[in-house]
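Below is one structure, written out as C-alpha cells; the observations come after it.
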Amino acid sequence: MGKIMQLIDLNNRNILVTGGTGSFGKAFIERVLTTSTPDRIVVYSRDELKQYEMQQALRQKFPKEKLHALRFFIGDVRDQDRLRMAMRGMDFVVHAAALKQVPAAEYNPMECIKTNIMGAENVIAAALDNDVEKVVALSTDKACNPINLYGATKLASDKSFVAANNLVGRNRRTRFSVVRYGNVIGSRGSVVPFFAALAKQNADIPITDERMTRFWITLEQGVDFVLSSFPIMQGGEVFVPKIPSVNIMLLAQVLAPNCKTYNVGIRPGEKLHEVMISVDDAYITVDLGSRYAIEPAFDDFARKSLTETMGATRVPDRFSYSSDTNHDVLDADGLRRLLAEAGF
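For what it's worth, UniProt numbering labels the leading residue of the sequence shown as 1, then goes sequentially.
Structure representation (C-alpha cells):
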C-alpha cells in the first residue's frame, strides 16, 4: 500500500464505529485498544449475538482496565434517533455499516437502499447534530462506475458524505471524508476463505472468468488506511490506497494448487475488472504518494487543495485506476506473502 502516513492519536478521545461487529470494525477496535487509551470507543451495530461474541473475544485479549472505555450500543443506522443518542460527545466516527453482498442487494434492493443510502444520511445528520469533529465513511471499488445495486448505493452514500461538508458552514468543526478500497482478504464473504475451505476438501474451485482481476488489501492495511486518513482529511476527499491487483486464476492456483477449476460465469451485477478512480474523476484527483485522493468538485467551506497543504500532485489527464491496468500486479510469491500477512 506504500508508505503509511501518520496515524491519528486517539488517546483520550471518543470514537464510534457503525457496523462495529463486522470484519473491519473488530480489527479497527482491537487496533485502537492495543495502541491507544481512548476515553470511549462505541461499537454500534444491530446484532446482539455478534456483540456478545465480540465482548467475550475482547475479554480474552485485553485486561479489564483497557476495556473500561468500551461501550456496546444496539442500534441500526436506519434509526436516526438512536444514532443521535449514540454519538453524543463523540470526536470521531467511522461509518462501516452496510449491506454488502452483491447478489443479496440485487434480490432485495430496497433493503440495501434503506441501509446504505438512508443510513448514510442518518449518520450525517447525527454527526452534525452532535458536532462530531471528523467522520470517515468506508466505501468500495464497486462504487466507481457501478453496474450493480450495491455499488450504486455506495456511490450515493459517497456523494452524500462529500456534499455533507457543504451543510456544515464555516463556523462548525464537523468534516466528512470517504475511504475507498478493494476486496479485503479474509473478510466475511471473501473468496479467499471460500477457496481455502474448498482446498482443504480437495474440491473443485469455481471460477467466474479466467480474465477477472481484483484489487486486494488486508484488514490491517485497511485499518491503517483509515487511521492515516483522519489526520490529512479536510473534508470532501475520497481517499484511495495504492494496492496490488491479482488475477482470479492465480489466486485459485496459490490457495488450491492441487484442485481443478471450472467456469461458472460472471454473477449478476459483477464486473470483469474493478475501477477505483474513473477517467471522469481524473481532473479532480491528486497523488499523495501512498494514496490518491479524489477532491470535491465543488465546495462551500473554504477548503484548500491537498496540493497546497500536503504537496500532492495532479494526476495526468485521462488517468484511471483499474485492476486490469494497475502497475502493481502480484505474482505467485507476492500473493503468498500478502496471504500470509492476512493469516492464510
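A virtual CB, placed ideally from N, CA and C, is assigned to each residue, including glycine. Here the structure is a predicted model, which is why all the values come from computation and not from measurement.
Rounded to the nearest angstrom, what separates PHE319 and ALA282 at their Cα positions?
Roughly 5 Å separates the two Cα atoms.
Please report the residue range of the alpha helix (DSSP H) in which THR35 lies.
Its alpha helix (DSSP H) spans residues 23-35.
Should ARG84 and ASN130 be called a contact, given that it needs their Cβ atoms to be closer than 8 Å?
For ARG84 and ASN130, yes; Cβs fall inside 8 Å.
Does DSSP put PRO109 in a helix, a strand or coil?
If DSSP states are grouped into helix, strand and coil, PRO109 belongs with the helices.
Measuring only the C-alpha atoms, how far is ILE207 from VAL162?
Cα-Cα distance, rounded: 36 Å.
Are there three or more Cβ pairs, one per stretch, closer than 8 Å when the segment 94-114 is compared with the segment 245-256?
Touching, no, given that fewer than three Cβ pairs across the two stretches are closer than 8 Å.
Could you name the residues of the same chain whose beta carbon sits closer than 8 Å to that of SER23, not counting the 5 residues immediately before and after it, in chain order?
Answer for SER23: VAL184, GLY186, SER187, ARG188 and LEU219, listed in chain order.
If ARG59 sits next to ASP39, beta carbons under 8 Å apart, how far is it from one beta carbon to the other, in whole angstroms?
Wrong, their Cβ atoms sit about 20 Å apart, outside the cutoff.
Spatial neighbours of THR261 within its chain, please: CB distance less than 6 Å, with the 5 preceding and 5 following residues excluded, ordered by chain position.
Excluding positions up to five away in sequence, the list reads ILE205, ILE207 and ALA252.
Any idea which residues DSSP pairs PHE176 with across the strands?
Bridge partners of PHE176: VAL135.
I'd like the ranges of any alpha helix (DSSP H) spanning at least 4 consecutive residues and lying wholly in the segment 31-71.
With a minimum length of 4 residues, the continuous alpha helix (DSSP H) runs that stay inside the segment 31-71 are 48-61 and 64-67.
Determine the extent of the alpha helix (DSSP H) in which ASN166 is found, giving its start and end residues.
Per DSSP, ASN166 belongs to the alpha helix (DSSP H) from 149-168.
How would you write the range of the alpha helix (DSSP H) that residue 419 sits in, first residue to last?
Any property of residue 419 remains undetermined from this structure, which presents the chain solely from 1 to 344.
If you measure between the beta carbons of PHE344 and ALA197, is that distance less than 8 Å?
Cβ distance not < 8 Å, so PHE344 and ALA197 don't count as in contact.
Apart from the five residues on each side of it in sequence, which residues of its chain come closer than 8 Å, Cβ to Cβ, to ARG31?
GLU220, VAL223 and LEU227.
Please report the residue range of the beta strand (DSSP E) in which LEU16 lies.
Unbroken beta strand (DSSP E) run through LEU16: 14-18.
Can you tell me whether residue 375 is helix, strand or coil according to DSSP?
Here the chain comprises residues numbered 1 to 344, so residue 375 is not present and cannot be evaluated.
Taking Cβ positions only, does THR21 come closer than 8 Å to chain B?
Here there is only one protein chain, and chain B is not present.
Along the chain, which unbroken stretches of the alpha helix (DSSP H) at least 4 residues long are found entirely within the segment 219-247?
The qualifying runs are 219-229.
When we look at the beta-carbon of ILE124 and count the other beta-carbons within 10 Å, is it buried (16 or more) or exposed?
ILE124 comes out buried.
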